[in-house]
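Q: The sequence shown begins at 1268 in the working numbering and counts up one residue at a time.
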Amino acid sequence: MGSWWHTNIAEPGKLPLLLALAAFVLTFAVTRTITRLIRAGKGPFRNITPGGVHIHHVVPGVVLSVTGGFGAVAAGRHGVAAAVCAVIFGVGAGLVLDEFALILHLDDVYWSEEGRQSVEAVVLTASLVLLVLAGFSPLGVDDVSDGEQQGRLGVITSYAVNFCFVLTALFKGKTRMAVLGTLVPFVALVAAVRLARPTSPWARRFYRHRHRARSRAVLRAYHHDVRWAGPRRRFQDLIGGTPDRAPLPPARGS
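Spelled out as structure tokens, the structure:
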């Protein structure tokens, strides 16, 4: 165990990244627990509202992220300072991404349907960092052989090919697969060769006069959403809490 830790974590300088990930996940979990208690009116926790202004936890999150980020750049990848800055950055990033939906919509949508985007951002970020810790490199450059790494052409070609897969996946409306594909090229390749989402720029451009392809894309998207919408919602509710239900419109004549 000690040899594995030294070879895979300590020597490559991945300890700050591991500490940042641990602080990120723990901060998100603690924050969601506290906000659930505040929502339920349980425990000693309350919203911070000095002068009647609700201070969202994204505010200290930004401060901690900036402090830890600049500190990490100055500290390098080894030493106590690097570890401390990594933890500070992880805590700040956890607070910021927990309110990702608020930043995106510029509105307090924490407990609404739009607030689920914060949970998606946190899960996706943690997954990407785990892949980096496991040894994956952006755009799959870890798959390049030692001989190719010595020549710039091999590296540039690998970047270009994998970037095309990622870009195609984005145009086809497969955002999650495109992001994961920056680390796992096979994922981006699968997304690039499959049918586009019917509302994507790719579908609007290339399926405009291809009625059969457009119909297949709509049908496949429908079956995919029906199959995964329920499990995805339950997973998000488990992690981030069940959002508030939108009020029903008033009945006619009332």
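Just so it is clear, CB atoms sit at the ideal spot from N, CA and C, and this is done for glycine as well.
#1: Please give me, in chain order, every unbroken run of the alpha helix (DSSP H) with length at least 4 that falls completely inside the segment 1414 to 1496.
#2: For Phe1295, I'd like the list of residues in its chain whose CB is within less than 6 Å of its CB, leaving aside the five on either flank, ordered along the chain.
#3: Helix, strand or coil for Ile1506, going by three-state DSSP, please let me know.
#4: Just mark Glu1387 as buried or exposed, buried being the case when its beta carbon has 16 or more other beta carbons within 10 Å.
#5: The alpha helix (DSSP H) spanning Leu1395 covers which residue range?
#6: CB Gly1440 to CB Ala1458, shorter than 7 Å?
#7: Report, in whole angstroms, the separation of the C-beta atoms of Thr1334 and Ile1355, which I expect to be a contact under 8 Å.
#8: Per DSSP, what kind of secondary structure is Phe1367 in: helix, strand or coil?
#9: Buried or exposed: His1324, going by 16 or more other Cβ atoms within 10 Å of its Cβ?
#10: Hey, how far is the Cα of Val1292 from the Cα of Arg1477?
#11: How many angstroms separate the CA atom of Ala1368 from the CA atom of Arg1461?
#12: Compare the beta carbon distance of Leu1437 and Ala1445 with 7 Å and say whether it is the shorter of the two.
#13: What residue does the alpha helix (DSSP H) around Ile1301 start on, and which one ends it?
#14: Quick one: residues in its chain with C-beta nearer than 6 Å to the C-beta of Ala1349, no 5 flanking neighbours on either side, listed in chain order?
#15: With DSSP run on the structure shown, which of helix, strand or coil describes His1372?
#16: Name the two residues that bound the continuous alpha helix (DSSP H) containing Thr1334.
A: Answer, in terms of the structure:
#1: Whole alpha helix (DSSP H) segments, 4+ residues: 1419 to 1438, 1442 to 1448, 1452 to 1460 and 1468 to 1473.
#2: Taking the first residue of the sequence shown as position 1, residue 1295 is located at position 28. Closer than 6 Å at Cβ, skipping near neighbours: Gly1361, Asp1365 and Val1389.
#3: Numbered from its first residue, the sequence shown carries residue 1506 at position 239. Here Ile1506 sits in helix by DSSP.
#4: Taking the sequence shown and counting its residues from 1, the one referred to as residue 1387 is at position 120. With a 10 Å radius around the Cβ and a threshold of 16 neighbouring Cβ atoms, Glu1387 comes out buried.
#5: Here residue 1395 is taken as the residue at index 128 of the sequence shown, counted from 1. It spans Arg1383 to Leu1400 - the alpha helix (DSSP H) in which Leu1395 sits, taken as one unbroken run.
#6: As a position in the sequence shown, residue 1440 is number 173, starting the count at 1. As a position in the sequence shown, residue 1458 is number 191, starting the count at 1. Cβ atoms of Gly1440 and Ala1458: not closer than 7 Å.
#7: In the sequence shown, counting from the first residue as 1, residue 1334 sits at position 67. In the sequence shown, counting from the first residue as 1, residue 1355 sits at position 88. Between Thr1334 and Ile1355 the beta-carbon gap is near 6 Å, inside 8 Å, which marks them as a contact.
#8: Walking along the sequence shown from the start, residue 1367 turns up at place 100. In the structure shown, the three-state DSSP call for Phe1367 is helix.
#9: Against the sequence shown, residue 1324 aligns to sequence position 57. Buried, because 16 or more other Cβ atoms sit within 10 Å of the Cβ of His1324.
#10: Translated into the one-based positions of the sequence shown, residue 1292 becomes position 25. Translated into the one-based positions of the sequence shown, residue 1477 becomes position 210. Rounded to whole angstroms, Val1292 to Arg1477 spans 45 Å at the Cα level.
#11: Position 101 of the sequence shown, counted from the start, is the residue given in the question as residue 1368. Position 194 of the sequence shown, counted from the start, is the residue given in the question as residue 1461. Each residue's Cα considered, the two are about 29 Å apart.
#12: Against the sequence shown, residue 1437 aligns to sequence position 170. Against the sequence shown, residue 1445 aligns to sequence position 178. When the beta-carbon positions are compared, Leu1437 and Ala1445 come within less than 7 Å of each other.
#13: Counting from 1 along the sequence shown, the entry for residue 1301 is found at position 34. First-last of the alpha helix (DSSP H) with Ile1301: Leu1282 to Ala1307.
#14: Numbered from 1 along the sequence shown, position 82 holds the residue referred to as residue 1349. Excluding residues within five positions, the ones whose Cβ falls inside 6 Å are Pro1283, Ala1342 and Gly1343.
#15: Within the sequence shown, residue 1372 is the residue found at index 105, counting from 1. In the three-state DSSP reduction, His1372 falls in the helix class (H, G or I).
#16: Looking up residue 1334 in the sequence shown gives position 67. Element bounds for Thr1334: Val1325 to Ala1342.
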